[in-house]
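**Q**
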């Protein structure tokens, strides 16, 4: 029996059919005795919800600012739409899943994140991103109880502060923290590419296996943009006690079985 954290989001989530295939693969693996926790984001769904509500999106250095006016709509998109869709797929397959966010049972306690804005003169200013948070702690005991009951937690990337303030949290980082807290056997970060490459444009430079020490050297080169939080999440998980972390193509559901059952070298696996 293995404990596996899956971070699910991006283009691998936009298609309802792909959602069904991913959940079907997870249920098959669950029936073989493995335990799963799914952590999900939903950027495109948030954007659509905000546009429908007439709320303009504000970005600072590429980071979305979550205002008090936007936060209920963020929660509506993540918990009300995406989370429910994923749980419905489990229900269709007669597999028990519980849709929650990180604020339920204080699964994820968070604090406000301050972004370091670098000015042209070299000075650094810490600016608020509104209700965007960093993980402070994880209620791993509660999650373990659910797993022992053969219930798959499906967790939307919202956390709560000790004062009850809701925070929008990067789903990659939330998954990394949870994987570390429960000492997961695997953290699988689903994306829409086949893994990490030394040269993004050259498939021949694909990296199958790499250590934490080596992957840290690739920031700013092979690791840029949206790949940064994914790798940071993998590093966090490993440094906190997870066994291994893999960046895997979530648009190819069969890869989950290839990795977890057949132990094939798919995606990019990072180990301590």
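Residue numbers (the working numbering): 19 to 290. Just so it is clear, CB atoms sit at the ideal spot from N, CA and C, and this is done for glycine as well.
#1: With DSSP run on the structure shown, which of helix, strand or coil describes residue 101?
#2: Check for me: the alpha helix (DSSP H) holding residue 145 runs from which residue to which?
#3: Please determine, among 170, 250, 171, 259, the residue with the shortest C-alpha to C-alpha distance to residue 200.
#4: I believe residue 290 touches residue 249 by the beta-carbon criterion, under 8 Å. Please report the beta-carbon distance rounded to the nearest angstrom.
#5: DSSP on residue 231, reduced to helix/strand/coil?
#6: How do the stretch 205–224 and the stretch 148–162 stand: do at least 3 beta-carbon pairs fall below 8 Å, yes or no?
#7: Thinking C-alpha only, which one of 19, 132, 38 is nearest residue 268?
#8: Can you list, in chain order, the residues of its chain whose CB lies under 8 Å from that of residue 257, leaving out five sequence neighbours each side?
#9: Short check: CB of residue 211 to CB of residue 252, under 9 Å?
#10: Suppose the cutoff is 7 Å on Cβ atoms and the five residues either side in sequence are ignored; what does the same chain contact list for residue 67 look like?
#11: Roughly how many whole angstroms lie between the Cα atoms of residue 178 and residue 122?
#12: Since residue 45 is in the alpha helix (DSSP H), which residue starts that stretch and which ends it?
#13: Determine the burial state of residue 192: buried for a count of at least 16 other Cβ atoms within 10 Å of its Cβ, exposed for fewer.
#14: Please identify the residue among 125, 169, 187, 166 whose C-alpha is closest to the C-alpha of residue 176.
#15: Decide if residue 184 is buried, meaning its Cβ has at least 16 other Cβ atoms within 10 Å, or exposed.
#16: Pick helix, strand or coil for residue 136, following the three-state DSSP scheme.
#17: Note down the Cα distance separating residue 244 from residue 181, rounded to an integer number of angstroms.
#18: DSSP three-state label for residue 119, please.
#19: Does DSSP put residue 271 in a helix, in a strand, or in coil?
#20: Need the endpoints of the alpha helix (DSSP H) that residue 249 sits in, please.
#21: Based on Cα-Cα distance, which residue from 104, 118, 278, 286 lies nearest to residue 266?
#22: For the 8 Å Cβ check, are there 3 or more pairs between the stretch 101–117 and the stretch 166–175?
#23: Using the three-state DSSP reduction, which class does residue 224 fall into: helix, strand or coil?
**A** On the basis of the data shown:
#1: The answer is helix: DSSP assigns residue 101 an H, G or I state.
#2: Residue 145: not part of any alpha helix (DSSP H); member of the beta strand (DSSP E) spanning 142–156, first to last residue.
#3: Nearest to residue 200 by C-alpha distance, out of 170, 250, 171, 259, is 259.
#4: Wrong, their Cβ atoms sit about 14 Å apart, outside the cutoff.
#5: In the structure shown, residue 231 sits in a helix (DSSP, three-state: H, G or I).
#6: These segments do not touch.
#7: Nearest to residue 268 by C-alpha distance, out of 19, 132, 38, is 38.
#8: The answer, listed in chain order, is 198, 230, 290.
#9: No, Cβ-Cβ distance for residue 211 and residue 252 is not below 9 Å.
#10: 91, 94, 95, listed in sequence order.
#11: The alpha-carbon atoms of residue 178 and residue 122 are separated by roughly 8 Å.
#12: Element bounds for residue 45: 34–49.
#13: The residue in question, residue 192, is buried, as its Cβ has 16 or more Cβ neighbours within 10 Å.
#14: Cα-wise, what sits closest to residue 176 is 187.
#15: With a 10 Å radius around the Cβ and a threshold of 16 neighbouring Cβ atoms, residue 184 comes out buried.
#16: When secondary structure is reduced to three states using DSSP, residue 136 falls in the strand class.
#17: Each residue's alpha carbon lies about 31 Å from the other.
#18: Strand.
#19: Residue state, collapsed to three classes: coil.
#20: For residue 249, the uninterrupted alpha helix (DSSP H) segment begins and ends at 245–257.
#21: Residue 286 is the option with its Cα nearest to residue 266.
#22: Short answer: they touch.
#23: Strand, per DSSP.
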